[in-house]
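Residue numbers (my numbering): 315 to 630.
Notes to accompany the following structure.
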Amino acid sequence: MWNKKTQRDAFAEALVEIGSRRKDVVVLTADLSSSVKTNRFAEKFPEHHFNVGISEQNMMSIAAGLAASGSRVFASTFAVFGTSRVYDQIRQSIAWPKLNVNIVATHAGITVGGDGASHQMLEDVALMCSLPNMTVIVPCDALETKKAVKFVVDYNGPTYIRLGRSDVPTITQENALFSIGKAMVMKDGKDITLIGTGTMVSRCLLAAEKLEKDNIDATVINMSTIKPVDEKMIIKYAKETGAVVTAEEHNIIGGLGSMVSTVLSENVPVPMKRIGIPDVFGESGKSDELMEKYGLTPENIAEAAHEVMKRRGKQK
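Written out as structure tokens, the structure reads:
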């Protein structure tokens, strides 16, 4: 139904395009250039690419120094190494002084698969959202990834861009605009609002198809910016449909579901349900099997939609 492509490939393409027109961009990696795909930038612009070795904390400090000297910096590694291991360096040296460092973390979530719990970073969005001055972006596909990377090179302040490892369906259009803090309506409906981020947006669309068979018309929203979250969009559709389901490949605590529930509780309290990792660590397994085990499926999203509609009192 949809073509698939890795977000890492899109990241690499965007870096090469940026490097061809700007001389102030520097890319750093921690001995993972082939995995995060910054090696393609290195081939074209070797004088602007630095592999710091297995030293992620040092990489973030170097990134801060380069940014303070006027460079536009991309620092890339696996999500588990690019957030928890380096939190202090990000907090003290990047977020606090509000430097232009873009942290692009790949291999996030449980779709890392066989690498298991030690490498399945499920708390990174929560960590980064808690930092003042930090912008958090979770693109839904390769097209949006490329647009986000090209957007942040001119953005003032630090950003965290979360990418996965596996191929993901391309569900956005070439002419769709990306802007920080602006959500995208993928499907307009009147009965229920499904808000997804990252890999889960395509699954929300599939859930909407399942709901159509039950004569339920669902809105599907791609919330690609988790911080600042698009409060106006959340409030608008919560008022129109009266029920919300969020879906994310992340712990249900501290991510998209938490951000949306805060907005709803303060502005328009409606029944809602969070689909995500239920506050546990992951385990080793095939990506699809893990998504099934932890309930990150279109079927679970559709079931949650029925539940919140029943609580709202307008179940069909």
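Note that the Cβ used here is the ideal one computed from N, Cα and C, for glycine as well.
Please read these numbers as outputs of a predicted model, since none were measured by experiment.
Assigned secondary structure, residue i (DSSP; H/G/I helix, E/B strand, else coil)
i	result
LYS630	Since pLDDT at LYS630 reaches only 49, below the 50 mark, its modelled position is unreliable, and the value read off the structure follows with that caveat. Note: LYS630 maps to coil in three-state DSSP.
PHE359	coil
ILE475	strand
LEU520	helix
LYS624	helix
ASP345	coil
ALA532	strand
ASN416	strand
LYS600	coil
ALA619	helix
MET442	helix
PRO612	helix
MET586	strand
VAL339	strand
VAL400	coil
VAL366	coil
ASP481	strand
ILE451	strand
LYS541	strand
VAL594	coil
Extent of the continuous beta strand (DSSP E) to which residue i belongs
i	result
GLU563	558-565
LYS501	498-501
ARG335	No beta strand (DSSP E) contains ARG335, which is instead part of the alpha helix (DSSP H) from 321-335.
GLY510	506-510
SER390	386-392
N- and C-terminal bounds of the alpha helix (DSSP H) containing residue i
i	result
LYS553	545-555
PHE465	456-466
MET373	370-382
THR576	570-581
Best match in the options for proximity to residue i [C-alpha to C-alpha]
i	options	result
ALA478	GLN487, PHE392, ALA561, GLU554	Correcting the residue identity first, residue 478 is Gly in this sequence and not Ala. When each option's Cα is compared against that of GLY478, the closest is PHE392.
PRO360	ALA382, LEU329, CYS518	LEU329
PHE595	ILE368, ALA431, ASN414	ALA431
GLU603	GLN403, THR425, SER480, GLN321	THR425
HIS363	ALA326, ALA382, PRO411, ARG399	ALA326
VAL463	GLU526, MET435, SER493	SER493
LEU578	ILE548, TYR469, GLY423	ILE548
GLN434	PRO583, MET605, ALA344, PHE465	MET605
TYR551	ARG322, LEU380, ALA521, PRO583	PRO583
ASN621	LEU525, ASN581, GLY568	Residue identity differs from the one stated: residue 621 is Glu in this sequence, not Asn. Minimum Cα distance to GLU621 is reached at LEU525.
LYS351	ARG335, THR320, LYS541, VAL366	THR320
THR555	ALA356, GLY627, THR576, LEU610	GLY627
TYR469	ILE417, PRO483, MET315	ILE417
TRP316	SER398, GLU357, LEU457	LEU457
THR513	LEU610, GLU331, ILE540	LEU610
LYS318	PRO542, ASN489, ASP481, ILE368	ASP481
GLY423	SER369, LYS546, ARG476	ARG476
SER369	ASN353, SER383, GLN403, ASP429	GLN403
Cβ-Cβ distance between residue i and residue j below 7 Å
i	j	result
GLY333	VAL340	no
ASP544	LYS496	yes
GLY396	ALA377	no
VAL450	TYR474	yes
VAL439	VAL415	no
GLY503	ASP531	yes
ASN447	GLY471	yes
LYS587	ALA616	no
GLY590	HIS564	yes
VAL400	GLN371	yes
THR343	SER385	no
PRO453	SER538	yes
THR459	ALA356	no
CYS443	LYS541	yes
LYS501	VAL467	no
Whole-angstrom C-beta distance between residue j and residue i, which should lie under 8 Å
i	j	result
VAL515	ASN536	5 Å
ALA561	ARG517	6 Å
THR486	ALA557	At roughly 25 Å, the Cβ-Cβ gap does not stay under 8 Å, so THR486 and ALA557 are not in contact.
MET373	SER407	In fact, because the Cβ distance is near 11 Å, the residues do not count as touching under 8 Å.
LEU445	ALA409	4 Å
LEU441	SER398	7 Å
GLU437	GLY568	7 Å
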